[in-house]
Amino acid sequence: MALPPYAGPGETLWYYSFRFICGAIFLFLILPVVIVVPLSFNVEPYFTFTSGMLSFDPEAFSLRWYLDIFQNGMADPSQTFGWNWIVDSWNNAQWVHSTKNSFFIAIIVTILATSLGTLAALGLSQSDLPYRGAIMGILISPMIVPLIITAAGMYFFYSDVGLAQTYTGIILAHTALGTPFVVITVTATMISFDRSLIRAGANLGAPPPTVFFKVIMPLILPGVISGGLFAFITSFDEVVAVLFLSGFEQRTIPRQMWSGIREQISPTILAVATILVFISICLLTFVEILRRRSEKLRGITPA
Amino acid sequence: MVDATINNGNKSDGLLTDDGQSLKAKLALATRRNKTKAFLLVAPLLFFIVITFVWPIGVMLYRSVNSPQFTNAFSSTAVVIKDWDGQGLPSEEVFTAFVADMVQARKDRTIGKAGTRINYELPGTRSLFTGTARKAKKLEAPFKESLIAVNEKWANPEIWAAVKRLSSRYTLSFYLASLDLKYDKSGEIVTQPEDRQIYVTLFLRTFWISGLVMLFTILLGYPVAYLLSVLPLRTSNLLMIMVLLPFWTSLLVRTTAWIALLQREGIINDVLVFIGVISDENRIQMIYNQAGTIIAMTHILLPFMVLPLFSVMKTIPPSYMRAARSLGATQFTAYTRVYMPLTLPGIGAGSVLVFILSVGYYITPALVGGRTGTLISNVIAGHMQQSLNWGLAAALGALLLASVLVLYWFYNKIVGVDNMKFG
Amino acid sequence: MNKTLKYGISAAVALFVGLGGSAWAKELTVVSWGGAYTKSQVKAYQEPYTAKTGTKINSEDYSGGLAEVKAQVESKNVKWDLVDVELSDAIRGCDEGILEPIDPSILPPAPDGTPAEKDFIDGAISECAVANIVWSTIYAYDKTKFKGNAPKTMADFFNVKDFPGKRGMRKGPKPNLEFALMADGVAPGDVYKMLGTPEGVDRAFAKLDQLKDSVVWWTAGAQPPQLLADGEVTMTTAYNGRIFGAVASEGKPFEIVWDGQILDLDLWVIPKGAPNKEEALKFIAFSTDTQRLADQAKYISYGPARKSSGPLVGKFQDGKIDMAPHMPTAAANMKVSLLNDFAFWADNQDQLNERFTAWLAK
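Residue numbers (the numbering used here), protein chains in the order written: chain A, 879 to 1181; chain B, 1111 to 1533; chain C, 59 to 420.
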C-alpha cells in the first residue's frame, strides 16, 4: 500500500503515524517472545539485564542455566563430563525427565488425534451425514469448554477408572483436547477438495482404499499434517489437565515450568523457554511451508 | 439440486435400473449406505470424545446437585427427621437415630466427611460432629438430654434445620453458594453476609476483564490486520510471522516473559529508572495485579483477533475504497461508511473467540494475577485442590460452562464452526 | 458408576495404549514437599534406611494438601506409601478415612527408656500420623534495608510508617489472622478464643487493612526468600527453614524475627491401601527414632518432634553453625509463640477463606 499521489499533508501524516502505531503493536507482539533469549544467557540469577550484559562484557554471559537443565536432579552433578554424566543426566535430571515425557505423550497424542480426527473429518465432509451440526458441536467442544472444567471433570472420572496419575490418562485427555484442531483443519481442506476426483477415481476402477490413499490422501495431506502439528503443540503446551491428572512421574515440560514459576524462580526457566521458542519457530516454518505447498497443489495462486 | 432431479424422475414414472430394481429404492439404498458410511467414519472419534470428555464433565456437573456424604453416614436420621416440622427441637426418636448413626459413622470413618459436608451449610459445626462422635458410644438414653449435656450447641435448632436440609442427597445449596446466597434457619433463601460475598464479584470481574481484553485485542488487532491485508504478499507474509510466532509459542513461555518484563525489578521498570522517568524507590507495580493479567492476556489472545480479522479484510476489494473516494468521500467517511461495516463479521468472530477463551483463563491469572487479577477459574481450582469442596467447584464450573455455551451459540450464529481456521 | 463398565473402560484403555501402572516389590514411594526439606529427609532418613534394609526409596515432590491422596484412595489406585503432611491434613484425612491408622507401639522408646508416647511432644502422635518435625511461620527482613532501627516484634511487621517497604504474606487467612491479632496486642493464649468470635475476626481484618496496599502475596514456601532476595519486599512471613537455608547456604542478609511465631507439625501418614504398608510402617519407626530426628536438624532448621532428640542436635552440615538456637523449639524463640490450632481451622477454614478472598477482592 503505497501512499497515493493525491494524498494531502494530513493524509501523509496519518500514513506515517499509522505505520508507526502498527510497528509498536508488532513490537508488543514479538518483544516478549524474543526477550527471553538474551536473558537466558545471564550469568546472574536474575530476570533482568545486568550492566555487564548491556556493555556486552563476555563475563556477564554464560551457559550455566542451559547446563542446569541437564544437571538439576542428577545423582552426582559434580562428576566430570563423560559417559557416566550423560547416563546420570538422562536418567535423573528433572528437566530431561519431563522433556522425555513431553515428547512421548505429545507424539502418541499426535498419532491418535490425527487418525481419529482425519477419519471424522472425512465423514463430516459428506453431505449425507445426519445430525451434522450436533456432531460437529460435540467434536469441537473440547476446544470451547474452559480447560479448568475439562480438567476437573477428567480428574474425577479418571480417578474413578484408575487412570489418574498414569500416562494413559494424560494421553487420553490430550487426545481429546487435540482432536478438534485436526477436525477443523482437515475439514477446511476437504471443503475446497474437488469431490469429482473421488468419483473419477472410482470410475477408473479403483476400490475405495486405493481412492483414499492415491487420490484423497495426497491432496489433503498438508491439512492432515498441519492438523497433526496443532495436536502436537496442544499436547506439548498443555498444563491445566496435566496439573490435575499427572503424578510426579508424568511431569511434562510445562508442568515443570509451572512449578518453577510458582516456587523456585530461576533463569533455568528462561533457558527452557528459549529452547521452546526455537521449537515453535521450527513448527511455524514447517506449517507455513505446508500451507504454501497445499495452495500450490490446489492451484490457488495468491492474489 | 441432485435431490430435485431424482424426485422428478420418480414422480413421472417408475424408472428401473438395469438389474430390474426400482431406481427410487436403489437410490434410497445408496443414500442410506452413504449415510451409514459417513457416520461410521465419524463414530470412532464421536465415541472417544463422548467417553473421555463429555461423560466426565457430565459426571462432574452431577456433583453440583448430588452430595450424598451426609446421608451416607446418617441414613436412619435422614429418614426420621423428614417428619420434623422445624419447630423447636426434633423428637427423641430423631435423637436416638442420630446417636446410633453417629456411633456407626465413627466406626466406618465417615463422620469426617459428614462433618465437612454440614460445615459448608453451617460453618463451625465440623468439630461439633467429630468431637461428639468420639463420645457417642458412651451416651445413654434419653439421647436428647445426654447429647446436649456433651455440647450445648445441640440445643440449637439451626443445627437440626441443617441436618434436615441435608437429609436429601440432592441439593441446590452449592448453586446458592455460587451466587452468594444461602438457606437461613427457616429454609428461606437469603443473601450471604456481605463479608462473605465473593463469587458474584468474581464472576463479574471475570466478565469485566474478558471484556477489556476483548476491547484491547480489537484496538490493537484491527490496525495490524488492516496493514497485513493491504501490504504486498511478500511483506505481509514476513510480518505475519510476528503474529504467528507468539501464537505458536508456549503459553508459559509468554507468561514467563511478561513476568521478566513487568516485575518491579524487571526490564520495563529498569528502563524507566534508567531514563529517569521514575525514581528507584517508586518503581511501578505492573504485575501481580489486574493490570498484569490484562496485559499478558491481551498479548496471548491478540493472534486470535488478528487472524479472523485478516481473513475478512483480505476479501474486501481495495476498489471499494477507491470508488468511495472518487465519489467524493473523504478518507474518514469512506472508511467509516464503506470499509468498517464490511469488517464487522471479522470483529464479531474475533471478539466472541477472544471472550470465550478469556472467560475460562486459568494459568496466566494464577501466575501474574496477584490479589486483584484472579478470575473465577482460579477459585474453581482452589476448591478442587485445596479446600476440596468439590460440590461448590462443580456448581461454579457449571455456571461458567453455561455462560461459555451461550457465547459459543452466538459464535456459531455469527461465523459457524465450519469457518474456523488457524494459521 | 457401573463397576463392569468402569473396569471395561480401564481395561480397554490400558490395552489401547499398552501402558499401566506397575507395582514394585521392596520399594517405597515417599512423598514430601520438595526443595531443601526433601533433601534433608533424604539425607537423614532415606539414605540410612536404604543402607540398612536395601529397600529402594522413590522420593517424590508434591505441593501439600490432601487432593492427590484423596483421589488415589477413592480410585483405589494408591501409588504413594508415605506422605509428609501438615497437622490439619493429618487429622482431616484420618476423620475422612483416607489414611491408615498407625499403632504408636511400633515407635521405638527414647534411649533412656521413656516410651515413645511420652517422648514425643504434645499432639505429635495421633491416630493416623506420627510427627517428624516442628516448623514455624515467622517473619524475616532484609538487614540491608533496616540499618539502625531493626524490627523486633510482630507489631513492627504491621508498622509501615517506621519500617517502610512492601511486605510478603501467605495468600490465605492462615496464619495471617493470628499474626494480625498478636500484632494488635492480643496475648498468644487468647488468639484462637478471640478469632472464634465475630468481633475478633473483624479486629484481625481491620489490622490487616493497615497493610493491605503494601502486601505481595505468596503461595509457595520457596517464594518468600526469593521475594526478599529480589527486593520485591523488605519483610515477609516465611517458613523458618527456608529463611535459614537462604542465610546459611547462600549467605543472604536476612534476619528472622521469632516474636509471634506460629508452630506447626509435619507428620508421616500412610494413604489407605498403600501398596507397601508394612514397609512404610517400618520406615516410620526408623525415621522417627531419637537419633534420626536429631540428624535431620543437621540439614534444615526444623525442630525434632521428640524431646529426647533436642540435646543431640548438633551443627549444620557445613560444620560451623550451631543448630540449636535456630530451632523454632529453642527456649529463646518460644517466648511469644503460638501452636496452630487444628480444630479451629477445620471448623472455620471455609468461611474464613471466603471472607479472606472477599476481603482481597475489595
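Glycine included, C-beta positions come from ideal geometry on N, C-alpha and C.
| request: Going by CA-CA distance only, name the one from B:T1366, B:V1381, B:V1260, B:G1507 that's closest to V915 (chain A). | output: By 1-based counting over the first sequence, the position of residue 915 (chain A) is 37. Measuring from the Cα of V915 (chain A), the nearest candidate turns out to be B:T1366.
| query | So which residues of chain C does D1305 (chain B) contact, with C-beta pairs closer than 9 Å? | reply | Position 195 of the second sequence, counted from the first residue, corresponds to residue 1305 (chain B). Within 9 Å Cβ-Cβ: V259, D260, F263, E412, R413, A416, W417.
| task | Please check if any C-beta of chain A sits within less than 8 Å of the C-beta of M1352 (chain B). | result | Taking the second sequence and counting its residues from 1, one reaches residue 1352 (chain B) at position 242. Chain A has a Cβ within less than 8 Å of the Cβ of M1352 (chain B).
| said: For Q957 (chain A), count the other beta carbons within 10 Å of its own beta carbon; 16 or more makes it buried, fewer makes it exposed. Which is it? | reply: Position 79 of the first sequence, counted from the first residue, corresponds to residue 957 (chain A). It is exposed - the Cβ of Q957 (chain A) has fewer than 16 other Cβ atoms within 10 Å.
| query | Among A:D1006, A:F1034, A:S895, A:G888, which one has its Cα closest to the Cα of A1138 (chain B)? | reply | Working through the second sequence from its first residue, we reach residue 1138 (chain B) at position 28. Closest by alpha carbon: A:D1006.
| task | Would you mind working out which of C:V88, C:F237, C:L418 sits nearest S395 (chain C), comparing C-alpha positions? | result | Within the third sequence, residue 395 (chain C) is the residue found at index 337, counting from 1. Measuring from the Cα of S395 (chain C), the nearest candidate turns out to be C:F237.
| task | Could you pull out every residue in the same chain whose Cβ sits closer than 7 Å to the Cβ of P246 (chain C), ignoring the five residues on either side in sequence? | result | As a working mapping, residue 246 (chain C) is identified with position 188 in the third sequence. Around P246 (chain C): M240, V394, S395, L396.
| said: In the DSSP assignment, the alpha helix (DSSP H) including I1405 (chain B) goes from what residue to what residue? | reply: The residue given as residue 1405 (chain B) occupies position 295 in the second sequence. It spans 1400-1423 - the alpha helix (DSSP H) in which I1405 (chain B) sits, taken as one unbroken run.
| Beta-carbon proximity list for T1235 (chain B), same chain, < 6 Å, skipping 5 on both sides | Within the second sequence, the letter at position 125 stands for residue 1235 (chain B). Annotation for T1235 (chain B): I1228, N1229 place their beta carbon closer than 6 Å to its own, counting only its chain and skipping 5 residues before and after.
| Option in C:M381, C:K340, C:L339 with minimal Cα separation from S359 (chain C) | Here residue 359 (chain C) is taken as the residue at index 301 of the third sequence, counted from 1. Of the candidates C:M381, C:K340, C:L339, the one whose C-alpha sits nearest the C-alpha of S359 (chain C) is C:M381.
| field | Proximal residues of chain C, C-beta to C-beta of E1375 (chain B) below 9 Å | value | Here the question's residue 1375 (chain B) lines up with position 265 in the second sequence. Neighbours of E1375 (chain B) in chain C, taken as residues at a C-beta separation under 9 Å, are given in chain order as D288, G289, E290.
| task | Locate the beta strand (DSSP E) running through K1292 (chain B), then write down its first and last residues. | result | The residue labelled residue 1292 (chain B) in the question sits at position 182 within the second sequence. If you look at K1292 (chain B), you'll find it in the beta strand (DSSP E) that goes 1291-1293.
| request: Using a Cβ cut-off of 7 Å, pull out every chain A residue sitting near D119 (chain C), in sequence order please. | output: As a first step, residue 119 (chain C) must be located in the third sequence, where it is residue number 61. Simply F1126.
| query | Between which two residues does the alpha helix (DSSP H) carrying Y107 (chain C) extend? | reply | Locating residue 107 (chain C) in the third sequence gives position 49, where the first residue counts as 1. In the DSSP annotation of this structure, the continuous segment of the alpha helix (DSSP H) that includes Y107 (chain C) starts and ends at 105-111.
| field | Neighbouring residues, chain C, relative to A1042 (chain A) (Cβ below 9 Å) | value | Along the first sequence, one-based indexing puts residue 1042 (chain A) at 164. Within chain C, the residues near A1042 (chain A) are E126, A129, Q130, S133, N135.
| query | Who are D142 (chain C)'s beta bridge partners in DSSP? | reply | Translated into the one-based positions of the third sequence, residue 142 (chain C) becomes position 84. BP columns for D142 (chain C) point to C:W326.
| Reduced DSSP category for D161 (chain C) - H, G, I as helix; E, B as strand; rest coil | As a working note, residue 161 (chain C) is residue 103 in the third sequence. In the three-state reduction of the DSSP assignment, D161 (chain C) falls in the coil class.
| query | Is L990 (chain A) near G1047 (chain A), with beta carbons less than 8 Å apart? | reply | Walking along the first sequence from the start, residue 990 (chain A) turns up at place 112. Walking along the first sequence from the start, residue 1047 (chain A) turns up at place 169. Not in contact: L990 (chain A) and G1047 (chain A) (Cβ atoms no closer than 8 Å).
| Identified DSSP bridge partners for Y297 (chain C) | As a first step, residue 297 (chain C) must be located in the third sequence, where it is residue number 239. Among the bridge pairs identified by DSSP, Y297 (chain C) is matched with C:T195.
| task | Within 10 angstroms of the Cβ of A81 (chain C), are there 16 or more other Cβ atoms? Answer buried if so, exposed if not. | result | Counting from one through the third sequence, the residue named residue 81 (chain C) turns up at place 23. Any reading at A81 (chain C) must be qualified, since the residue scores a pLDDT of 39, below 50, and its modelled position is unreliable; the value itself is stated next. Answer is exposed; the Cβ neighbour count stays below 16.
| request: Tell me whether G78 (chain C) sits in a helix, a strand or coil according to DSSP, three-state version. | output: As a working mapping, residue 78 (chain C) is identified with position 20 in the third sequence. Legend: pLDDT at G78 (chain C) = 36, less than 50; position of this residue unreliable, value from coordinates given subsequently. Looking at G78 (chain C) - three-state DSSP - the assignment turns out to be coil, as it is neither helix nor strand.
| request: Closer than 9 Å, Cβ to Cβ, to anything on chain A: give me those residues from the region 186-209 of chain C, in chain order. | output: Cβ contacts with chain A: none found.
| task | Could I get the ranges of all uninterrupted beta strand (DSSP E) runs contained in the region 1162-1221 of chain B, with 3 residues as the minimum, in chain order? | result | If we require 3 residues or more, the region 1162-1221 of chain B turns out to have no beta strand (DSSP E) run fully inside it.
| request: Using a Cβ cut-off of 7 Å, pull out every chain C residue sitting near N1229 (chain B), in sequence order please. | output: As a first step, residue 1229 (chain B) is located in the second sequence; it is residue number 119 there, counting from the start. Those within 7 Å of N1229 (chain B) in chain C are D405, D408.
| Length-filtered (4 minimum) alpha helix (DSSP H) runs lying within the region 1267-1305 of chain B | The region 1267-1305 of chain B contains these whole alpha helix (DSSP H) runs: 1267-1275, 1283-1288.
| query | What residues in its chain sit with their C-beta under 6 Å from that of I1397 (chain B), if we drop five residues either side in the sequence? | reply | Here residue 1397 (chain B) corresponds to residue number 287 of the second sequence, with the count starting at 1. Counting only Cβ-Cβ distances below 6 Å, and skipping sequence neighbours, we find L1372, Q1373, V1478.
| field | Close Cβ partners of P1418 (chain B) (< 6 Å) along its chain, the five nearest in sequence each way excluded | value | Locating residue 1418 (chain B) in the second sequence gives position 308, where the first residue counts as 1. For P1418 (chain B), where only same-chain residues beyond five positions count, the Cβ hits under 6 Å are G1456, A1459, G1460.
| request: Starting from V273 (chain C), trace the beta strand (DSSP E) both ways and give me its first and last residue. | output: Residue 273 (chain C) sits at position 215 when you count from the first residue of the third sequence. Where V273 (chain C) is concerned, the enclosing beta strand (DSSP E) stretches over 273-276.
| field | Inter-stretch contact at 8 Å, needing at least 3 Cβ pairs: the region 1467-1478 of chain B / the region 1409-1418 of chain B | value | Contact between the region 1467-1478 of chain B and the region 1409-1418 of chain B is present, because at least three Cβ pairs lie under 8 Å.
| Is the Cβ of T277 (chain C) closer than 8 Å to any Cβ of chain A? | Within the third sequence, the letter at position 219 stands for residue 277 (chain C). Closer than 8 Å: yes.
| field | Cβ contact check for the region 1436-1453 of chain B and the region 1296-1310 of chain B: 3 or more pairs under 8 Å | value | With a cut-off of 8 Å, the region 1296-1310 of chain B and the region 1436-1453 of chain B do not count as touching, because too few Cβ pairs lie within range.
| said: Is K1145 (chain B) close to chain A? Criterion is C-beta to C-beta, closer than 8 Å. | reply: Position 35 of the second sequence, counted from the start, is the residue given in the question as residue 1145 (chain B). By the rule that beta-carbons nearer than 8 Å mark a contact, K1145 (chain B) touches chain A.
| Best match in C:T113, C:G112, C:G122, C:P106 for proximity to S90 (chain C) [C-alpha to C-alpha] | Numbered from 1 along the third sequence, position 32 holds the residue referred to as residue 90 (chain C). Comparing alpha-carbon positions, the option among C:T113, C:G112, C:G122, C:P106 lying closest to S90 (chain C) turns out to be C:G122.
| task | Give every residue of the same chain whose Cβ lies closer than 6 Å to the Cβ of T387 (chain C), excluding the five residues on either side of it in the sequence, and list them in chain order. | result | Residue 387 (chain C) sits at position 329 when you count from the first residue of the third sequence. Within the same chain, T387 (chain C) has close Cβ partners V192, G361.
| field | Beta-carbon contacts of A1491 (chain B) that lie in its chain and below 7 Å, excluding the five residues immediately before and after | value | For the purposes of this step, residue 1491 (chain B) is taken as residue 381 along the second sequence, with counting starting at 1. Hits under 7 Å: Y1472.
| Which whole-angstrom value describes the C-beta separation of L941 (chain A) and F925 (chain A), a residue pair presumed to lie in contact below a C-beta threshold of 8 Å? | Stepping through the first sequence from its first residue, residue 941 (chain A) is reached at position 63. Stepping through the first sequence from its first residue, residue 925 (chain A) is reached at position 47. In this structure L941 (chain A) does not touch F925 (chain A) by the C-beta definition: roughly 17 Å separates them, more than the 8 Å allowed.
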